[in-house]
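*Asks:* This is the structure, below, for whatever I ask next.
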Amino acid sequence: MSTARSLTIRRPDDWHLHLRDGAMLQAVLPSTSANFGRAIIMPNLVPPVVTGADAQAYKERIEAAIPEGHDFTPLMTLYLTENTDADDLAAAAQSGLISAVKLYPAGATTNSASGVRDFDKVSNVLERMAEIGLPLLVHGEVTDHDVDIFDREAVFIDRILDPLRRRFPELKVVMEHITTEEGVNYARDGGDNLAATITTHHLIINRNNILVGGIKPDYYCLPVAKREKHRLALRAAATSGSPKFFTGTDSAPHTQANKLCACGCAGIFTAINSMSCLAHVFEEDGALDKLEAFSSLNGPAFYGMAPNEQRITLVRDDAPVEFPRQIWTEDGPVTIFDPGFDLFWKVEQ
Ligand code: DOR
Ligand code: ZN
């Protein structure tokens, strides 16, 4: 006898997504557009998306890759550099082309070499963003060699983010993919201009998953997963229903060849099973009634957008849902996030 249950919620959005370009874009976009109404598209292409013209061209390539019948809107971002032109950025925001600007500290992660080293060089841009209400999406890790990789988020909050927010109190800031209790506390206590995204995988794995019993490159991402107490803080934040926290999967596809090698890339591909994982996590924490807030309501509210009108239905069955282990792309296979347990929730298509 089946104990199938179902949950109908507003169609979710993904407020932090890597789609890449070319063959990879073609291969991964359908996993997102099947389940999510909108996504904030990360601009860390090679070369990065830095001007309004870059964003327009990339948006057109994404739109051309949306499968027939999928209702999906890419929300474009610009990659902040020390040479970003405030007028170009403001024009892109005012025309509705871009929804946010991404700050990568130079060298913090994949394709971040063009990021910011000297924050004084971007102060005119940040001032302009504060004026026009354009959110700054922050990769919150310092890159100093003397700071331990597990401490880089907490140190970033103290040394960079807090001073920056004091200097630009009107600036809307999203702390992207927070991974620590310190991140949760700072976002929670930070006033209405501050929110945070939480990835699917950081709700599920801690650093043991990467390192115990042999190294598991498929669980390596940045910011790197931290110890268990931090995962629990992230779970409590996500499932609390607080409007400060919302979905940003940070689904970040890399080919198997680029993950399983001597210097493997950071990134976990979760687009395909994120909603199943999230339903599992929220059910486990007795918070299924908060899933809609996290995945479909809090994000648009922070960005000043209406939630999606469409609904999705998640169905829970007795038999595990079968996801493939990998998807195939012209560049090579991409491994799908393995949560380490069976999933029973599935988005009804
Ligand atoms: O794990 C990550 N992968 N973290 C990032 O910040 C970048 C991303 C990517 O682009 O692969
Ligand atoms: Zn990312």
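For the sequence shown, this note's numbering begins at 1 and goes up steadily by one. For each residue, glycine too, the CB sits at the ideal point set by N, CA and C.
(1) Cα separation between Thr51 and Glu131?
(2) Applying the criterion that 16 or more other CB atoms from any shown protein chain within 10 Å of the CB defines a buried residue, is Ser295 buried or exposed?
(3) Given 8 angstroms as the limit, tell me if Met76 has its C-beta closer than that to any heavy atom belonging to the ligand DOR.
(4) If you drop the 5 nearest sequence neighbours on each side, which residues of the same chain put their C-beta closer than 8 angstroms to that of Thr335?
(5) Could you work out which residue in Met275, Leu194, Gly140, Asn185 is closest to Arg166 when comparing CA atoms only?
(6) Give every residue of the same chain whose Cβ lies closer than 8 angstroms to the Cβ of Ile62, excluding the five residues on either side of it in the sequence, and list them in chain order.
(7) Count the other C-beta atoms from every protein chain shown that fall within 10 angstroms of the C-beta of Lys121, then say buried if there are 16 or more, exposed otherwise.
(8) Pick from Phe245, Ser95, Gln56: whose alpha carbon is nearest that of Asp192?
(9) Name the DSSP bridge partner or partners of Val212?
(10) Tell me the residue span of the alpha helix (DSSP H) that contains His230.
(11) Please state whether DSSP places Gln56 in a helix, a strand or coil.
(12) Run through the segment 60 to 143 for me and flag every whole alpha helix (DSSP H) of 4 or more residues, listed as ranges in chain order.
(13) Enumerate in chain order the residues of its own chain whose CB-to-CB distance from Gly37 is below 6 angstroms, with the five nearest sequence positions on each side excluded.
(14) DSSP three-state call for Arg325: helix, strand or coil?
(15) Does the Cβ-Cβ distance between Glu228 and Phe168 come in under 9 angstroms?
(16) Please enumerate, following chain order, all residues with a beta carbon closer than 6 angstroms to at least one heavy atom belonging to the ligand ZN.
(17) Is any heavy atom of the ligand DOR found at a distance shorter than 8 angstroms from the C-beta of His177?
(18) Do you know offhand how far Asp331's Cα is from Ala23's?
*Replies:* With the given structure in hand:
(1) For Thr51 and Glu131, the distance between alpha carbons rounds to 19 angstroms.
(2) Ser295 is classed as buried because its beta carbon has at least 16 other beta carbons within 10 Å across all chains shown.
(3) Checking every heavy atom of the ligand DOR against the Cβ of Met76, none is found closer than 8 angstroms.
(4) Here the set comprises Asp218, Gln256, Lys259, Phe269, Arg325, Gln326.
(5) The shortest Cα separation from Arg166 among Met275, Leu194, Gly140, Asn185 belongs to Leu194.
(6) So the qualifying residues of the chain are Leu19, Leu25, Leu29, Ile41, Pro74.
(7) Label assigned to Lys121: exposed.
(8) Comparing Cα-Cα distances from Asp192 to each of Phe245, Ser95, Gln56, the minimum goes to Phe245.
(9) In DSSP, Val212 forms no bridge with anything.
(10) Per DSSP, His230 belongs to the alpha helix (DSSP H) from 228 to 239.
(11) Note: Gln56 maps to helix in three-state DSSP.
(12) Within the segment 60 to 143, the complete alpha helix (DSSP H) runs of at least 4 residues are 86 to 94, 123 to 132.
(13) Arg11, Asp13, Asn308.
(14) Arg325: coil per DSSP, three-state reduction.
(15) Not closer than 9 angstroms, so no.
(16) Answer in sequence order: His16, His18, Met42, Asp250, Ala252.
(17) Inclusion of His177 in the 8 angstroms shell around the ligand DOR follows from its C-beta lying nearer than that to a non-hydrogen atom of the ligand.
(18) In this model, Asp331 and Ala23 are separated by some 7 angstroms (Cα to Cα).
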